[in-house]
DNA sequence: GCCAACGTTGGC
DNA sequence: GCCAACGTTGGC
């Protein structure tokens with residue numbers, strides 16, 4: 318899961334322990350949260366739009382897909398006037414902090430590791446804020462020395 | 001700050 | 001349903 322640290326960082330998650338992943342307004346990303354993420358699933362927390370983008374920590378899913386209520390809040394930055402009150406368009410999951418990397422697994426490094434070529438985040442022009450990680454990719458990533 | 005990539009919108 | 005215009009994302 319990608320986040321701009323200026324908006325919400327791994328340290329924010331460390332402080333909060335848990336958070337709802339609200340504000341996603343992209344159908345593909347929504348589908349992953351609504352249909353594929355399951356209780357206990359591992360999550361890699363990625364910082365985007367920063368000097369050194371990359372994976373900075375691990376989290377896990379603590380609540381499966383449910384309606385993102387911010388879509389109905391006119392005061393919210395992600396308000397979606399087209400979403401009917403009784404029929405949610407947007408979904409989110411809850412995640413919980415697991416651990417922080419000792420050092421960032423940088424995007425540059427990710428691009429050099431064999432077996433990660435197909436990861437969404439590694440692809441050029443990738444804009445999906447939520448994307449799946451295969452079991453093989455997870456195995457490679459979770460054993461990197463940056464976890465400490 | 002630039003710009004490529006790409007999703008969304010809206011006119012036709 | 002096409003496609004140009006536009007807006008957003010995000011690496012650099």
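In the numbering used here, the protein residues as written are 318 to 465.
Built from N, CA and C at the ideal position, the CB exists for glycine as well.
Since the model is a prediction, treat every value here as computed from it, not as a measurement.
If we ignore side chains and look at the alpha-carbon of each, how far apart do residue i and residue j end up?
{"i": "residue 378", "j": "residue 360", "result": "7 Å"}
{"i": "residue 448", "j": "residue 347", "result": "10 Å"}
{"i": "residue 452", "j": "residue 355", "result": "14 Å"}
{"i": "residue 376", "j": "residue 402", "result": "31 Å"}
{"i": "residue 433", "j": "residue 454", "result": "6 Å"}
{"i": "residue 414", "j": "residue 332", "result": "9 Å"}
{"i": "residue 340", "j": "residue 463", "result": "29 Å"}
{"i": "residue 365", "j": "residue 319", "result": "6 Å"}
{"i": "residue 363", "j": "residue 393", "result": "24 Å"}
{"i": "residue 352", "j": "residue 409", "result": "10 Å"}
{"i": "residue 371", "j": "residue 424", "result": "5 Å"}
{"i": "residue 390", "j": "residue 345", "result": "22 Å"}
{"i": "residue 421", "j": "residue 461", "result": "11 Å"}
{"i": "residue 456", "j": "residue 436", "result": "13 Å"}
{"i": "residue 385", "j": "residue 443", "result": "23 Å"}
{"i": "residue 357", "j": "residue 325", "result": "21 Å"}
{"i": "residue 382", "j": "residue 459", "result": "25 Å"}
Which residues in the same chain have their Cβ closer than 6 Å to the Cβ of residue i, if we skip the five residues on either side of it in sequence?
{"i": "residue 367", "result": "322"}
Looking only at its chain, what residues have a beta carbon closer than 8 Å to the beta carbon of residue i, apart from the 5 residues adjacent to it on each side?
{"i": "residue 428", "result": "439"}
Since residue i is in the alpha helix (DSSP H), which residue starts that stretch and which ends it?
{"i": "residue 339", "result": "First-last for residue 339: undefined, no H or E at that position."}
{"i": "residue 456", "result": "452-459"}
{"i": "residue 352", "result": "Careful: residue 352 lies outside any alpha helix (DSSP H) and carries neither H nor E."}
Near residue i, what residues of its chain come up, given a Cβ to Cβ distance below 7 Å and the 5 sequence neighbours on each side ignored?
{"i": "residue 417", "result": "327, 331, 373 and 374"}
{"i": "residue 334", "result": "413 and 414"}
Suppose only complete runs of 4+ residues qualify. What are the alpha helix (DSSP H) ranges in the segment 359-447, listed by chain order?
424-429
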